[in-house]
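A.B. asks: One structure, as structure tokens, below. Some questions next.
Protein chains: 2
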Amino acid sequence: MKIHIADGESFEAEEGKNLYELLKKNKIYLTASCGGKGSCGKCRVIVKEGTVRVESYGKLTTAEREQGIVLACQSFPEGDITIEIPIESMLTVGDKIAVSRTRDLFELLKSYKADISPLISRIRLTLPVPTLDDNISDLERLKRGIEEKGLVLEYPYHFVSNLSDSLREHDWNFILCYQKESNTALSIEPPVEKPCYHGIAVDIGTTTVVVYLVDLCDGRVIDVGSTYNSQMRYGDDVITRIVHATEGGGLKELRHAVVNDINDLIRPLTESHGIDPEGIESVVVSGNTTMVHLFWGLNPAYIREEPYIPTANRFPVWQARDAGIKIRRDAPVYSVPCVASYVGGDIVSGVIATKMHTREELSLFMDIGTNGEIVIGNKDWLMTAACSAGPCFEGGGIKNGMRATNGAIESVRIDPETLEPEFKVIGDVSPIGICGSGMIDAITEMFLAGIVDQKGRIRDDLKTDRIREGEDGLEYLLYSGETHDIVLTQVDIENLIRAKGAIYAGASLLLKEVGFTFDMIERVYIAGGFGNYIDVEKAVIMGMLPDIPRDRFRFMGNTSIAGAYLCLMSEEMRREAERVASMMTYMELSTKGTFMDEFMSALFLPHTEMEQFPSVKELVFKER
Amino acid sequence: MKIHIADGESFEAEEGKNLYELLKKNKIYLTASCGGKGSCGKCRVIVKEGTVRVESYGKLTTAEREQGIVLACQSFPEGDITIEIPIESMLTVGDKIAVSRTRDLFELLKSYKADISPLISRIRLTLPVPTLDDNISDLERLKRGIEEKGLVLEYPYHFVSNLSDSLREHDWNFILCYQKESNTALSIEPPVEKPCYHGIAVDIGTTTVVVYLVDLCDGRVIDVGSTYNSQMRYGDDVITRIVHATEGGGLKELRHAVVNDINDLIRPLTESHGIDPEGIESVVVSGNTTMVHLFWGLNPAYIREEPYIPTANRFPVWQARDAGIKIRRDAPVYSVPCVASYVGGDIVSGVIATKMHTREELSLFMDIGTNGEIVIGNKDWLMTAACSAGPCFEGGGIKNGMRATNGAIESVRIDPETLEPEFKVIGDVSPIGICGSGMIDAITEMFLAGIVDQKGRIRDDLKTDRIREGEDGLEYLLYSGETHDIVLTQVDIENLIRAKGAIYAGASLLLKEVGFTFDMIERVYIAGGFGNYIDVEKAVIMGMLPDIPRDRFRFMGNTSIAGAYLCLMSEEMRREAERVASMMTYMELSTKGTFMDEFMSALFLPHTEMEQFPSVKELVFKER
């Protein structure tokens, strides 16, 4: 019996097992908060050919059933079948390319000369065995031993409840685990020859959630998982999420959504590496201020109302059980500190990942996620601002948009003569959709080929079958497959221009406010989940990046997860993140009268003021 | 319809309600961990006359049913009935005499010049309202305000999770509750004109559990509840309990038993005073070391094994949810510190209740509970030791023994001519049983009247119907009622002599060890649950108390609960308790070769060495 994934691989399957299990065996992981018990309704797949025996449709609507949608965990193939997996159902786990890209992180940590010092500290203790003459209680004996090492700790109930047996089991010779930030004793462990501890770094993006499974002893990223943030069903950006949170029960829904996403990723990550989830002993989360609030279930309402106040920017170190993360119950969870309501821990992470705050040179940091955030400064000062770009570079709000994972078109060339496209797909498989870097390429190539004009309008007077009328008006056909097409629609292009316009306008205004111009910037760091390599030239032509010498740009990938990794590995990095958060001065752009002008001017390809883009001006004139 | 309690009151009852409810309405409280849902099987009563409709017998055995035992919460009277309530089923709540005896406690607190400073501290805060210019996060704003008051706190997840709404609800003007010992923020409250907070002081005795409901603002004891420690079904003394704890699941059983007892008492105490149990915001427990370990679910096994090590003597302040006490979840629970495995917080409580550690004079403190503990010393030093007395002075192991509550015979006179007894019953009701003070009276009167000899044997050659053959050999009939008799058996007398012998031998040996004799003691403090006033003269004649001038004796009642009350009310008293615990030097008597000799000599009335009891010697010779 064979299972064929539409536009993807095929594999042999055992009979009598459900689709969720069969896919998992072949390392295709579906989201399933319930672990495949039919209750969460998330592991949806579409049966395209063949039949499956369905035990339960759960809460699927009639309309959904008619489309062939089933819950994988409730469906048993009866012979060869072909299925399609909607991207919302996919977890990306075990992506070797993604893991290989993490190799430099440990080097980055070393470049800070930071020790390995995770959230749980350990000391070896050997206590004198009690006698009639030295008969103090077990807890007092332990305290005495700990105080001799210069430590004063708190002893929570959970720790003491099993203390007497633990001490004797280990013959008064053991390792004490404690949490330094909260000065709390956590547990007693046997001394081991080759210690091996695991932690997870989490980037909670508005659109995507990324989890790194990390070996805390050698700093190796064992594996990487990512998925869409399921909060997306409640709104695309932070503002709509905040609005949802303030509606009855909304906060709980949003919290559960993202916590389930993280748990969903932890399950296959640990399973496939034979690691007990209980052995995951620390977590660092990095995200924008609203995401971190929603993760902890804190009311984000006041982030949105003037004077824009979050519950916290610095979060105490709480525990996995407080967060609802299904690992060791008392695992400390550190949140990378935030700066203000609209500049969060993801940006603080970005700064420490770039090290811009350690250098003399003037740098600009741009995080092109669903929120666009900008930081400018050097080792002496840091200014920051935010502008809402929307989720399109991460695949949200774009008809065939997707994250930068296997099957995503990541680069595009369009022949200016034939208007025919060529493209590269991540993982060299059939394309499923298009990711941020592909979109930047596509729109720029369409502009250069004359398919769209400076205002981003698709021309309807060109002789090509590639331009056609679609559901959302005109669209450009990038790929036509057996089961689906991949297009870029007029609406997609308008969204992309608004997104790049917001980013450029934000950076431009922040620079003006501090009295600089783009050409004074010595280094531009670009971060974001739009793909891993964007073509600078094209991003400049599009008007997203400033028209300055191309060698000043550095692509950093996901710096939020990089910062989370650094904080997971080292106490010095946590202190560094806190120092950076204090250094950063937030500027509220939306209250500046000039922001709207800047934004409107940027809603062109590349810009209404062509003198800001001299090299593009030259190129366009040359091409025409 | 009338309900008649055998040998007690009668009252009118509504139809259609179960017996548990009907009794409760008349302020007769039965133990019922399940709250009257038929699942705990504790609210047993015996139907003597009349019929009840039984909905369920739960786990009652056939033999039990045949005796007329029913579960009160599952039984509906069908007409007039007479029932008997076994003392194990009784909670004593709302005992006005018990409450009136607590009146001096606040005076005692004042005599220490101690402030009222319960476990939860409060400060009034008014924070500046956030503005665009002062836009730090809520948590940072709160911290700033708190730090201005000179405090540095930890902020647990639970506290922060609702912070933003709380601050705004109270318009930035509120009271912050925090726990000083653990430096932990607990909650935010509206400012109130007339604050009213409640706490409970708990004495966990091996045999009885006593709870004081206290108004934390004025120090008033609102009400008192007491019940048998249900751990009794697993053994009479600490050793048998420890043995049970080390058997599969035993520790859990013992823990639940005592925690349920406390919860059982809290329910009627709060209900009858219209207090929300969630409003009970702090707890102090005082008990011997084993009892405190069992209360917290800590393995007591190593208390019993040489070198006799408890898990802890000083317990961190943990929370009600850790303990399983059904009040405010994060209510701090303070355990009065213990000294050693066999001298616990109850004795430290005793010392601070007597103030012997503040005086020049040499004092002896004797706690005559199930464990006999002795302290000797003054303001400069304190020595302590323990000897197992057994539960008989609290009613355990004595055929008609009971606690000193309503219905207990508390004093006895026996006419030496007729051998007929006269007695006084607590509450002036028909007698149900005999409490410790009554037993001391009875045995001494029997000795003086010649009913028992110096070895405690009941004589069978006397012309009286009062002496008869019972199930356990000879017995003396104190009271003959319609439904039951009250007797003192040969076995009871042997148990009482062993108990008083252990106490006297312990005190005697401890004195010898420190080089003193009884006549050098300027003050003897007697504590214990044996009754409220024991007749010193008779206790001396019996050989329980030393034969020294009678005006040196002070009866203190339950000093364990008194110490718990002091610690509940004031931080200074908690520090005082800790200081006293450190001052006390424990001496292990059981390892002294001479203890057995001392004990054997004390197994007579009053003692084998009559010269230790000169006044008794004279009296006995005069009488004969």
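Residue numbers (the numbering used here), protein chains in the order written: chain U, 265 to 888; chain B, 265 to 888. For each residue, glycine too, the CB sits at the ideal point set by N, CA and C. Since we're looking at a predicted model, the values are computed, not measured.
1. Roughly how many whole angstroms lie between the Cα atoms of residue 275/U and residue 357/U?
2. Using Cβ-Cβ distances below 7 Å, what residues of the segment 418 to 435 of chain B are close to chain U?
3. Would you kindly work out how many angstroms separate the C-alpha atoms of residue 353/U and residue 305/U, rounded to a whole number?
4. By the 7 Å beta-carbon criterion, what residues does the segment 384 to 415 of chain U contribute toward chain B?
5. Does the beta carbon of residue 586/B come closer than 7 Å to any beta carbon on chain U?
6. Counting only runs that start and end within the segment 492 to 521 of chain U, where is the alpha helix (DSSP H) found for 4 or more residues in a row?
7. Mark residue 560/U as exposed unless 16 or more other C-beta atoms lie within 10 angstroms of its C-beta, in which case mark it buried.
8. Note down, in chain order, every chain U residue with its Cβ under 9 Å from the Cβ of residue 577/B.
9. Based on the DSSP output, what are the partners of residue 441/U in its beta bridges?
10. Quick one: what does DSSP say residue 583/B is sitting in, helix, strand or coil?
11. For the beta strand (DSSP E) holding residue 424/B, just list the boundary residues, first then last.
12. For residue 721/B, report the span of its alpha helix (DSSP H) as first-last.
13. What residue does the alpha helix (DSSP H) around residue 774/B start on, and which one ends it?
14. Could you list the residues in the segment 545 to 573 of chain B with a C-beta less than 8 Å from some C-beta on chain U, going in chain order?
15. Could you spell out where the beta strand (DSSP E) holding residue 429/B opens and where it closes?
16. Does any C-beta atom of chain B lie closer than 7 Å to the C-beta of residue 580/U?
17. What is the C-beta distance between residue 866/U and residue 768/U, in whole angstroms, given that I count them as a contact (C-beta under 8 Å)?
18. Measuring only the C-alpha atoms, how far is residue 406/B from residue 391/B?
19. Tell me, to the nearest whole angstrom, how far the beta carbon of residue 861/U is from that of residue 654/U; I am working on the premise that it is less than 8 Å.
20. What whole-angstrom Cβ distance do residue 464/B and residue 475/B have, given they're in contact under 8 Å?
21. Please look up how many angstroms separate the CB atoms of residue 671/B and residue 640/B, rounded, as I've assumed it's under 8 Å.
22. Taking Cβ-Cβ distances shorter than 7 Å, what residues in chain B pair up with residue 494/U?
23. What do you get for residue 495/B, buried or exposed, if any count of 16 or more other CB atoms within 10 angstroms of its CB means buried?
24. Looking only at its own chain, which residues have a Cβ that is under 7 Å from the Cβ of residue 434/B, when we skip the five neighbours before and after it?
25. Assuming the contact rule is C-beta atoms closer than 8 Å, residue 650/B and residue 826/B should be a hit. Round their C-beta distance to whole Å, please.
26. Let me check one thing: in DSSP terms, what residues is residue 576/B bridge-paired to?
27. By how many angstroms is the C-alpha of residue 602/B removed from the C-alpha of residue 594/B?
28. Where does the unbroken beta strand (DSSP E) through residue 823/B begin, and where does it stop?
29. For residue 336/U and residue 419/B, what's the separation of their Cα atoms in angstroms?
30. Compute the Euclidean distance between the alpha carbons of residue 543/U and residue 882/U, then round it to the nearest angstrom.
31. What do you get for residue 371/U, buried or exposed, if any count of 16 or more other CB atoms within 10 angstroms of its CB means buried?
32. Taking the straight line between their C-alpha atoms, what separation do you get for residue 668/B and residue 658/B?
33. Closer than 8 Å between beta carbons: that is the criterion. Which residues of the segment 442 to 455 of chain B meet it against chain U?
34. Would you kindly work out how many angstroms separate the C-alpha atoms of residue 272/U and residue 312/U, rounded to a whole number?
35. Helix, strand or coil: which one does DSSP assign to residue 780/U?
36. Answer yes or no: do residue 629/B and residue 797/B have a C-beta to C-beta separation smaller than 7 Å?
C.D. replies: By the coordinates alone:
1. On the first sequence, position 11 is the one that residue 275/U refers to. On the first sequence, position 93 is the one that residue 357/U refers to. Cα-Cα distance, rounded: 18 Å.
2. 418, 419, 421, 424, 425, 427, 428 and 429
3. Numbered from 1 along the first sequence, position 89 holds the residue referred to as residue 353/U. Numbered from 1 along the first sequence, position 41 holds the residue referred to as residue 305/U. Between residue 353/U and residue 305/U, the C-alpha separation is close to 10 Å.
4. 394, 395, 396, 399, 401, 402, 403 and 404
5. In the second sequence, residue 586/B corresponds to position 322, counting from 1. Judged by the 7 Å Cβ criterion, residue 586/B is in contact with chain U.
6. 502 to 509
7. The residue you call residue 560/U lines up with position 296 of the first sequence. The residue is buried, with at least 16 neighbouring Cβ atoms inside 10 Å.
8. Within the second sequence, residue 577/B is the residue found at index 313, counting from 1. What residue 577/B touches in chain U: 400, 401, 403 and 404.
9. Position 177 of the first sequence, counted from the start, is the residue given in the question as residue 441/U. In DSSP, residue 441/U forms a bridge with 386/U and 451/U.
10. The residue labelled residue 583/B in the question sits at position 319 within the second sequence. The answer is strand: DSSP assigns residue 583/B an E or B state.
11. Taking the first residue of the second sequence as 1, we reach residue 424/B at position 160. Note, residue 424/B: premise wrong, no beta strand (DSSP E); alpha helix (DSSP H) at 421 to 424.
12. Locating residue 721/B in the second sequence gives position 457, where the first residue counts as 1. From DSSP, residue 721/B is part of no alpha helix (DSSP H); its letter is neither H nor E.
13. The sequence position of residue 774/B within the second sequence is 510, counting from 1. Its alpha helix (DSSP H) spans residues 754 to 777.
14. 560, 561, 562, 563, 565, 566, 570, 571, 572 and 573
15. Counting from one through the second sequence, the residue named residue 429/B turns up at place 165. Element bounds for residue 429/B: not the beta strand (DSSP E) but the alpha helix (DSSP H), 427 to 433.
16. Taking the first residue of the first sequence as position 1, residue 580/U is located at position 316. Closer than 7 Å to some Cβ of chain B, the Cβ of residue 580/U qualifies, so yes.
17. Residue numbering aside, residue 866/U sits at position 602 when the first sequence is read from its first letter. Residue numbering aside, residue 768/U sits at position 504 when the first sequence is read from its first letter. Confirmed, Cβ separation roughly 5 Å.
18. In the second sequence, the residue the question calls residue 406/B occupies position 142. In the second sequence, the residue the question calls residue 391/B occupies position 127. Distance from the CA of residue 406/B to the CA of residue 391/B, rounded to the nearest whole angstrom, comes to 7 Å.
19. Here residue 861/U corresponds to residue number 597 of the first sequence, with the count starting at 1. Here residue 654/U corresponds to residue number 390 of the first sequence, with the count starting at 1. In fact, because the Cβ distance is near 20 Å, the residues do not count as touching under 8 Å.
20. By 1-based counting over the second sequence, the position of residue 464/B is 200. By 1-based counting over the second sequence, the position of residue 475/B is 211. Contact between residue 464/B and residue 475/B holds: their C-beta atoms lie close to 6 Å from each other, under 8 Å.
21. Numbered from 1 along the second sequence, position 407 holds the residue referred to as residue 671/B. Numbered from 1 along the second sequence, position 376 holds the residue referred to as residue 640/B. The pair is not a contact, with the Cβ atoms about 36 Å apart (cut-off 8 Å).
22. If you number the first sequence from 1, residue 494/U lands on position 230. None at all; the shortest Cβ gap to chain B is about 21 Å.
23. Residue numbering aside, residue 495/B sits at position 231 when the second sequence is read from its first letter. Buried, because 16 or more other Cβ atoms sit within 10 Å of the Cβ of residue 495/B.
24. Residue mapping note: residue 434/B aligns to position 170 of the second sequence, counting from 1. Excluding sequence neighbours, residue 434/B sits near 452 and 454.
25. Reading the second sequence from its first residue, position 386 is the one you call residue 650/B. Reading the second sequence from its first residue, position 562 is the one you call residue 826/B. Not confirmed; about 20 Å, so no contact.
26. As a working mapping, residue 576/B is identified with position 312 in the second sequence. According to DSSP, residue 576/B bridges with nothing at all.
27. Looking up residue 594/B in the second sequence gives position 330. Looking up residue 602/B in the second sequence gives position 338. Using only the alpha carbons, I get a separation of about 23 Å.
28. Numbered from 1 along the second sequence, position 559 holds the residue referred to as residue 823/B. Unbroken run through residue 823/B is the alpha helix (DSSP H), 823 to 833; no beta strand (DSSP E).
29. By 1-based counting over the first sequence, the position of residue 336/U is 72. By 1-based counting over the second sequence, the position of residue 419/B is 155. For residue 336/U and residue 419/B, the distance between alpha carbons rounds to 43 Å.
30. Here residue 543/U is taken as the residue at index 279 of the first sequence, counted from 1. Here residue 882/U is taken as the residue at index 618 of the first sequence, counted from 1. Residue 543/U and residue 882/U: Cα-Cα distance of roughly 59 Å.
31. The count along the first sequence starts at 1 and reaches residue 371/U at position 107. Exposed is the call here.
32. As a working note, residue 668/B is residue 404 in the second sequence. As a working note, residue 658/B is residue 394 in the second sequence. Residue 668/B and residue 658/B: Cα-Cα distance of roughly 8 Å.
33. 446
34. Locating residue 272/U in the first sequence gives position 8, where the first residue counts as 1. Locating residue 312/U in the first sequence gives position 48, where the first residue counts as 1. Near 13 Å, if we compare the C-alpha coordinates of residue 312/U and residue 272/U.
35. Taking the first sequence and counting its residues from 1, one reaches residue 780/U at position 516. Look at residue 780/U here: in three-state DSSP terms it is coil, with no helix or strand label.
36. Here residue 629/B is taken as the residue at index 365 of the second sequence, counted from 1. Here residue 797/B is taken as the residue at index 533 of the second sequence, counted from 1. For the 7 Å CB-CB criterion, residue 629/B and residue 797/B do not form a contact.
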